[in-house]
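Engineer: The structure's right below; bear with me while I get my questions together.
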Amino acid sequence: MHVSTARLAAFLCVGFAASSLALAAPASANSGTTTLATHNGQVGVNQVLTATYVSSDAGVYCDDEGGVVSFDFKVQNGPNLGTVSGTCTPVSDGSETPVATWTGTMNWTPTKPGAQLLTTQATQQLLGGAPVVGQATKSVLIAPAVAPKPTTPSKVRNLKVTGVSTNTVSLNWDAPSDTGASAIAGYVVKWAGPTSGQVSVQANTTNANIGTLTANSSYTFSVLATNLQGWGDPVSVTQNTASTPPPSPTPPPIQQQTLVGPAWEG
């Protein structure tokens with residue numbers, strides 16, 4: 275059948291217009307399924323919200339979608355968390371034809387405890403506008419923030435031996451750089467060797483003389499700081515006591531001499 279050039283041109287124009295109108299047709303709220311995945315959490319602890327929109331048309335590929343699907347995230351009676359553009363992935367629904375599935379994620383750090391209702395709204399940008407194509411909600415329970423554990427002091431600094439004798443070792447140190455959750459309450463000095471023990475030192479004192487030690491012996495001395503929360507970690511140093519000096523030699527006894535000669539007569 276012969277068709278004139280004018281009629282063929284008119285037919286192509288009408289067909290193209292019809293195709294354009296089909297692509298521009300806005301999506302509807304029933305054009306897919308929207309879900310929101312999250313979990314219970316804790317104040318101050320970040321979690322990831324995951325929104326998913328699955329097209330109800332199994333014959334639609336990601337490349338065939340008329341526009342990008344975006345997700346708005348919001349906390350009910352709270353802030354808008356923001357909007358992200360979804361990523362489209364063809365997912366099999368059990369048939370030979372994959373389903374276009376859009377996914378978007380948003381970080382959320384809860385700021386108050388209790389029940390929280392999260393919502394996500396999926397919109398698709400088309401030539402006719404950006405209609406809502408789905409919405410989902412998720413209720414979560416947010417626990418209060420965990421109170422920080424009270425801290426003990428850091429280690430004392432620059433522990434050194436400043437004096438040694440046969441039965442005494444003198445120690446000196448600097449206060450910790452961090453007192454912890456409260457002021458330094460004092461110090462504890464421990465020693466271990468042939469004998470062992472410990473003494474307490476006042477907070478404004480950073481030295482100690484440890485006596486009653488055994489001569490010519492190795493001792494390990496440990497010093498730690500304390501506060502109201504407890505004991506800090508110790509710092510140690512090892513030192514030998516001095517040897518006992520040998521006893522002085524005993525001088526020989528003085529012998530009495532007897533003179534032989536005439537007796538003195540007065």
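In my numbering, the protein residues as written are 275 to 540.
We put the CB at the ideal spot given by N, CA and C, even for glycine.
Please read these numbers as outputs of a predicted model, since none were measured by experiment.
In angstroms with no decimal places, state the Cα-to-Cα distance between threonine 494 and glutamine 513.
Structural biologist: Within the sequence shown, the letter at position 220 stands for residue 494. Within the sequence shown, the letter at position 239 stands for residue 513. Cα to Cα, threonine 494 sits roughly 6 Å from glutamine 513.
Engineer: For valine 319, which option in Thr440, Gly460, Leu415, Ile458 has the closest C-alpha, if you only look at C-alpha atoms?
Structural biologist: The sequence position of residue 319 within the sequence shown is 45, counting from 1. Closest option to valine 319, Cα to Cα, is Leu415.
Engineer: Classify glycine 360: buried if its beta carbon has 16 or more other beta carbons within 10 angstroms, exposed otherwise.
Structural biologist: Here residue 360 refers to the residue found at position 86 of the sequence shown. With 16 or more Cβ atoms within 10 Å of its Cβ, glycine 360 is classed as buried.
Engineer: If you draw a straight line from the C-alpha of alanine 417 to the C-alpha of leucine 310, how long is it?
Structural biologist: As a first step, residue 417 must be located in the sequence shown, where it is residue number 143. As a first step, residue 310 must be located in the sequence shown, where it is residue number 36. The alpha-carbon atoms of alanine 417 and leucine 310 are separated by roughly 20 Å.
Engineer: Name the two residues that bound the continuous beta strand (DSSP E) containing threonine 512.
Structural biologist: Against the sequence shown, residue 512 aligns to sequence position 238. Run containing threonine 512: 509 to 514, per the beta strand (DSSP E) assignment.
Engineer: Alpha carbon to alpha carbon, what distance is there between threonine 397 and valine 343?
Structural biologist: Taking the sequence shown and counting its residues from 1, the one referred to as residue 343 is at position 69. Taking the sequence shown and counting its residues from 1, the one referred to as residue 397 is at position 123. Whole-angstrom Cα-Cα distance: 5 Å.
Engineer: Spatial neighbours of glycine 356 within its chain, please: CB distance less than 7 Å, with the 5 preceding and 5 following residues excluded, ordered by chain position.
Structural biologist: Here the question's residue 356 lines up with position 82 in the sequence shown. Excluding residues within five positions, the ones whose Cβ falls inside 7 Å are Phe347, Met380.
Engineer: Just confirm the distance between the C-beta atoms of glutamine 409 and glutamine 390, as a whole number of angstroms; I'd bet it's less than 8 Å.
Structural biologist: Translated into positions along the sequence shown, residue 409 becomes position 135. Translated into positions along the sequence shown, residue 390 becomes position 116. Not a contact, Cβ separation roughly 17 Å.
Engineer: Near glutamine 472, which residues of its chain fall below 7 Å by C-beta distance, leaving aside the five closest residues on each side in sequence?
Structural biologist: Residue 472 sits at position 198 when you count from the first residue of the sequence shown. Val462, Val463, Lys464, listed in sequence order.
Engineer: Check this for me: beta carbons of serine 451 and serine 428, under 8 Å apart or not?
Structural biologist: For the purposes of this step, residue 451 is taken as residue 177 along the sequence shown, with counting starting at 1. For the purposes of this step, residue 428 is taken as residue 154 along the sequence shown, with counting starting at 1. The answer is yes: Cβ separation under 8 Å.
Engineer: Excluding sequence positions up to five away, which residues of its chain have a Cβ less than 8 Å from the Cβ of glycine 506?
Structural biologist: Numbered from 1 along the sequence shown, position 232 holds the residue referred to as residue 506. Contacts found: Thr426, Pro427, Ser428, Lys429, Val430, Pro450, Gly454, Leu498, Ala499, Thr500.
Engineer: Could you tell me if alanine 303 is buried or exposed, where buried requires 16 or more neighbouring beta carbons within 10 angstroms of its beta carbon?
Structural biologist: Numbered from 1 along the sequence shown, position 29 holds the residue referred to as residue 303. Unreliable placement is indicated for alanine 303, whose pLDDT of 48 sits below 50; no coordinate value is reported for it.
Engineer: Write down the C-beta distance between valine 323 and threonine 308 rounded to the nearest angstrom, noting that I regard them as a contact closer than 8 Å.
Structural biologist: Along the sequence shown, read from residue 1 onward, the residue named residue 323 stands at position 49. Along the sequence shown, read from residue 1 onward, the residue named residue 308 stands at position 34. One detail in the question is off: residue 323 reads as leucine in this sequence, not valine. With 8 Å as the limit, leucine 323 and threonine 308 do not qualify as a contact, their Cβ atoms being about 13 Å apart.
Engineer: Would you mind stating whether threonine 385 and valine 317 have Cβ atoms separated by less than 8 Å?
Structural biologist: The sequence position of residue 385 within the sequence shown is 111, counting from 1. The sequence position of residue 317 within the sequence shown is 43, counting from 1. Contact flag set, yes.
Engineer: Glycine 341: buried (16+ other C-beta within 10 angstroms of its C-beta) or exposed?
Structural biologist: Numbered from 1 along the sequence shown, position 67 holds the residue referred to as residue 341. Glycine 341 is buried by the Cβ-count criterion.
Engineer: Does the distance from the CB of valine 509 to the CB of serine 492 come in under 8 Å?
Structural biologist: As a position in the sequence shown, residue 509 is number 235, starting the count at 1. As a position in the sequence shown, residue 492 is number 218, starting the count at 1. Their beta carbons are not under 8 Å apart, which means valine 509 does not touch serine 492 by this criterion.
Engineer: Would you tell me roughly how many angstroms separate the C-alpha atoms of valine 407 and tryptophan 382, rounded to the nearest one?
Structural biologist: Walking along the sequence shown from the start, residue 407 turns up at place 133. Walking along the sequence shown from the start, residue 382 turns up at place 108. One C-alpha to the other measures close to 23 Å.
Engineer: Candidates Asn446, Thr375, Thr440, Ser439: which alpha carbon is nearest leucine 433's?
Structural biologist: Position 159 of the sequence shown, counted from the start, is the residue given in the question as residue 433. Out of Asn446, Thr375, Thr440, Ser439, Asn446 has the C-alpha closest to the C-alpha of leucine 433.
Engineer: Between Pro527, Val443, Asn351, Thr480, which has its C-alpha nearest threonine 486's C-alpha?
Structural biologist: For the purposes of this step, residue 486 is identified with residue 212 of the sequence shown, where counting begins at 1. Closest by alpha carbon: Val443.
Engineer: In chain order, what residues of the same chain have a beta carbon less than 7 Å from the beta carbon of glycine 306, not counting five sequence neighbours either side?
Structural biologist: Position 32 of the sequence shown, counting from 1, holds the residue named residue 306. Once the five neighbours on either side are set aside, the close Cβ partners of glycine 306 are Tyr327, Val328, Ser329, Ser330, Val407, Gly408.
Engineer: What are the boundary residues of the beta strand (DSSP E) that valine 358 is part of?
Structural biologist: Counting from one through the sequence shown, the residue named residue 358 turns up at place 84. Looking at the DSSP string, the run of the beta strand (DSSP E) that includes valine 358 is 354 to 359.
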